[in-house]
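Visitor: Quick one: the structure is below, and I'll ask about it shortly.
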Ligand code: HOZ
């Protein structure tokens, strides 16, 4: 594979940008080797600066559910840009996007747009604390909610990949406010409620974990969290930055029938442009300034380009049959990869919810971080590079999801499976 230009760019980048990347997982630290620099994308494919073509299952880590450069999204962004890129004043599109979101996720009676999932989670926690007057929060080992100080405790995603689940630079006093439970283990949450009665403002959870690799909630887990939080006067916060509009139009809460008090969104609602949102029950959102005393603001919040892309994306997702199509294609990928691993007599445990999936190498099953952390990351790295060589771009880390988009055709997935057969041989 020719990667002369990628190598040259990475060498420049390393002098100028920490680790040569603007987000750690992209550095290939989790799989070794050097990242390829992407020049363009179209549909399910991306091309690097050396002209190599890949079927893409990173899809910008989730936002590109319609595929790269979808014509509706591109047209919406172009049109918005011609009208002006930012005003720092209210625009009609923000109201339209808020309507689309609140209609899709009924537990979000009011919503505030921000610029990233990190901001959404950070602000949701602040709102939960302001509303309850309590300061502790519960999160789950291996779940990732962006890089705000108090949330970088036993975090997944790049933090896990790069061996810094609990970040340096986070004051011990902040970290002490974050209590960590085991995903899919209600008893571990009950124990925290017993140990800290009336101190827990919120339980923050990815209703389908996507940042330790994909881990579905066990039957009764989300319902149990709902009950425990309601019974103790604390709030249930769903981080649906990945799952929102991904596992169902109404997100994981529609899929599992459990409503959150506050929900965080990002990724898909921006159609590939930087955006985030948090919202929830009207009485909770009343604490947010200028209605209430909890401050949160942003010059580029509700940015017209991002909002236009988000509206175009959500409208495209309203076409009947979309989620059944995604399910069919993702099932094809799951079954193909499962069969390829079996044929090669390689132990790979595949978790999938809708169009997001992870194959964990060397383990029988994965229900939480304890299982995920036992995965054979070296075997995953070998598979990743063998696939990259063959023109398939999976996440450069064992602890991330693969995303299937509406642009992936049956033929793309067949090709992927064929290549996986060869790669696993
Ligand atoms: N936190 C993202 C994956 N879950 C990675 C973002 C990126 O590197 O672009």
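In the numbering used here, the protein residues as written are 15 to 439.
Every residue gets a Cβ at the ideal spot worked out from N, C-alpha and C, and that includes glycine.
Here the structure is a predicted model, which means the values were calculated and not measured.
1) Anyone know if the C-beta pair for residue 133 and residue 290 falls short of 8 Å?
2) If you draw a straight line from the alpha carbon of residue 190 to that of residue 279, how long is it in whole angstroms?
3) Thinking C-beta only, is residue 298 closer than 8 Å to residue 276?
4) Report yes if the CB atom of residue 406 is closer than 8 Å to the CB atom of residue 197, and no otherwise.
5) Are the CB atoms of residue 386 and residue 229 nearer to each other than 8 Å?
6) In chain order, what residues of the same chain have a beta carbon less than 7 Å from the beta carbon of residue 420, not counting five sequence neighbours either side?
7) With three or more C-beta pairs closer than 8 Å as the rule, is the segment 142-161 touching the segment 206-217?
8) From what residue to what residue does the beta strand (DSSP E) around residue 292 run?
9) Could you please give me the residues that DSSP links to residue 150 through a beta bridge?
10) Below 8 Å, can you find three or more Cβ-Cβ pairs linking the segment 424-431 to the segment 57-75?
11) Using only the heavy atoms of ligand 1, determine whether one of them is closer than 7 Å to the beta carbon of residue 414.
12) Specify the secondary structure class of residue 370 as computed by DSSP and reduced to three states.
13) Comparing C-alpha positions only, which one of 51, 45, 109, 39 sits nearest to residue 75?
14) Can residue 39 be considered in contact with ligand 1, in the sense that its beta carbon sits closer than 7 Å to one or more heavy atoms?
15) What would DSSP say about residue 67, mapped onto helix, strand or coil?
16) Just verifying my parser: in three-state terms, what is the DSSP assignment at residue 277?
17) Whether or not the segment 218-228 and the segment 372-383 are in contact is what I'm after, with contact meaning three or more pairs of Cβ atoms, one per stretch, closer than 8 Å; do they touch?
18) Contact between the segment 393-402 and the segment 45-56 is defined here as three or more beta-carbon pairs at a separation below 8 Å; is this criterion met?
19) Tell me whether residue 30 sits in a helix, a strand or coil according to DSSP, three-state version.
20) In three-state DSSP terms, what is residue 332?
21) Pick out whichever of 262, 113, 416, 37 has its Cα sitting closest to the Cα of residue 58.
22) Looking at the structure shown, is residue 419 part of a helix, part of a strand, or coil, going by DSSP?
23) Taking the DSSP output, what are the residues bridged to residue 82?
24) Can you give me the Cβ contacts of residue 311 inside the same chain, cut-off strictly under 8 Å, excluding the 5 residues immediately before and after it?
25) Taking its Cβ as the centre, do 16 or more other Cβ atoms sit within 10 Å of residue 186, making it buried, or is it exposed?
26) Tell me whether residue 75 counts as near ligand 1, meaning its Cβ is closer than 7 Å to at least one heavy atom of that ligand.
27) Measure from the alpha carbon of residue 136 to the alpha carbon of each residue in 172, 252, 28, then state which is nearest.
28) Terminal residues of the continuous alpha helix (DSSP H) containing residue 208?
29) Is it a yes or a no for the segment 89-101 touching the segment 314-325, going by three-plus beta-carbon pairs under 8 Å?
30) Using the rule of at least 16 other Cβ atoms within 10 Å of the residue's Cβ for burial, across every protein chain shown, is residue 410 buried or exposed?
31) Keeping to the same chain, check which residues put their C-beta closer than 8 Å to that of residue 121; ignore five residues upstream and five downstream.
32) Assign residue 440 to buried or exposed, taking buried as 16 or more other Cβ atoms, counted over all protein chains shown, within 10 Å of its Cβ.
33) How would you write the range of the beta strand (DSSP E) that residue 126 sits in, first residue to last?
34) Less than 8 Å between the beta carbons of residue 181 and residue 174, yes or no?
35) Quick one: measure Cβ to Cβ for residue 168 and residue 194, integer angstroms, because I've assumed they're closer than 8 Å.
36) I'd like to confirm something about residue 171: is its beta-carbon nearer than 7 Å to some heavy atom of ligand 1, or not?
Guide: Taking the definition as stated:
1) Locating residue 133 in the chain shown gives position 119, where the first residue counts as 1. Locating residue 290 in the chain shown gives position 276, where the first residue counts as 1. A Cβ-Cβ contact shorter than 8 Å links residue 133 with residue 290.
2) To locate residue 190, count along the chain shown from 1; it is residue 176. To locate residue 279, count along the chain shown from 1; it is residue 265. Going from the Cα of residue 190 to the Cα of residue 279 covers about 26 Å.
3) The count along the chain shown starts at 1 and reaches residue 276 at position 262. The count along the chain shown starts at 1 and reaches residue 298 at position 284. It is a contact, given that the beta carbons lie within the stated cut-off.
4) The sequence position of residue 406 within the chain shown is 392, counting from 1. The sequence position of residue 197 within the chain shown is 183, counting from 1. No, Cβ-Cβ distance for residue 406 and residue 197 is not below 8 Å.
5) Along the chain shown, read from residue 1 onward, the residue named residue 386 stands at position 372. Along the chain shown, read from residue 1 onward, the residue named residue 229 stands at position 215. Yes. Within cutoff.
6) By 1-based counting over the chain shown, the position of residue 420 is 406. 79, 80, 81, 336, 339, 340.
7) yes
8) Along the chain shown, one-based indexing puts residue 292 at 278. Residues 290-294.
9) Stepping through the chain shown from its first residue, residue 150 is reached at position 136. Beta-bridge pairing links residue 150 to 214.
10) yes
11) Looking up residue 414 in the chain shown gives position 400. Remark: the shortest separation between the CB of residue 414 and any heavy atom of ligand 1 falls under 7 Å.
12) In the chain shown, the residue the question calls residue 370 occupies position 356. It is a strand residue.
13) Translated into the one-based positions of the chain shown, residue 75 becomes position 61. Cα-wise, what sits closest to residue 75 is 39.
14) Numbered from 1 along the chain shown, position 25 holds the residue referred to as residue 39. Yes - ligand 1 has a heavy atom lying nearer than 7 Å to the Cβ of residue 39.
15) Here residue 67 refers to the residue found at position 53 when the chain shown is read from its first residue. In the structure shown, residue 67 falls within a strand segment according to DSSP collapsed to helix, strand and coil.
16) What you label residue 277 is simply residue 263 of the chain shown in a count that begins at 1. Correct three-state label for residue 277: strand.
17) yes
18) yes
19) As a position in the chain shown, residue 30 is number 16, starting the count at 1. If DSSP states are grouped into helix, strand and coil, residue 30 belongs with the helices.
20) In the chain shown, the residue the question calls residue 332 occupies position 318. Residue 332: coil per DSSP, three-state reduction.
21) Counting from 1 along the chain shown, the entry for residue 58 is found at position 44. Closest by alpha carbon: 416.
22) Against the chain shown, residue 419 aligns to sequence position 405. In the structure shown, residue 419 sits in coil (DSSP, three-state: anything other than H, G, I, E or B).
23) Translated into positions along the chain shown, residue 82 becomes position 68. The partner list for residue 82 (beta bridge, DSSP) reads 57.
24) Working through the chain shown from its first residue, we reach residue 311 at position 297. So the list reads 303, once near-sequence residues are dropped.
25) By 1-based counting over the chain shown, the position of residue 186 is 172. Result: exposed.
26) To locate residue 75, count along the chain shown from 1; it is residue 61. Checking every heavy atom of ligand 1 against the Cβ of residue 75, one is found closer than 7 Å.
27) Indexing the chain shown from 1 puts residue 136 at position 122. Here the closest residue by C-alpha is 252.
28) Here residue 208 is taken as the residue at index 194 of the chain shown, counted from 1. Per DSSP, residue 208 belongs to the alpha helix (DSSP H) from 200-209.
29) yes
30) Looking up residue 410 in the chain shown gives position 396. Under this definition residue 410 is a buried residue.
31) As a first step, residue 121 must be located in the chain shown, where it is residue number 107. These residues qualify, in order along the chain: 267, 273, 274, 275, 277, 294, 295.
32) The requested residue 440 does not occur in the structure, where the chain is confined to residues 15 to 439.
33) Position 112 of the chain shown holds residue 126. Start and end: 124-128.
34) Sequence index remark: in the chain shown, residue 181 carries index 167 (1-based). Sequence index remark: in the chain shown, residue 174 carries index 160 (1-based). Not a contact, by the Cβ cut-off of 8 Å.
35) Working through the chain shown from its first residue, we reach residue 168 at position 154. Working through the chain shown from its first residue, we reach residue 194 at position 180. Yes, residue 168 and residue 194 are in contact; Cβ-Cβ is about 5 Å, under 8 Å.
36) Taking the first residue of the chain shown as 1, we reach residue 171 at position 157. In this structure, residue 171 has its CB closer than 7 Å to one or more heavy atoms of ligand 1.
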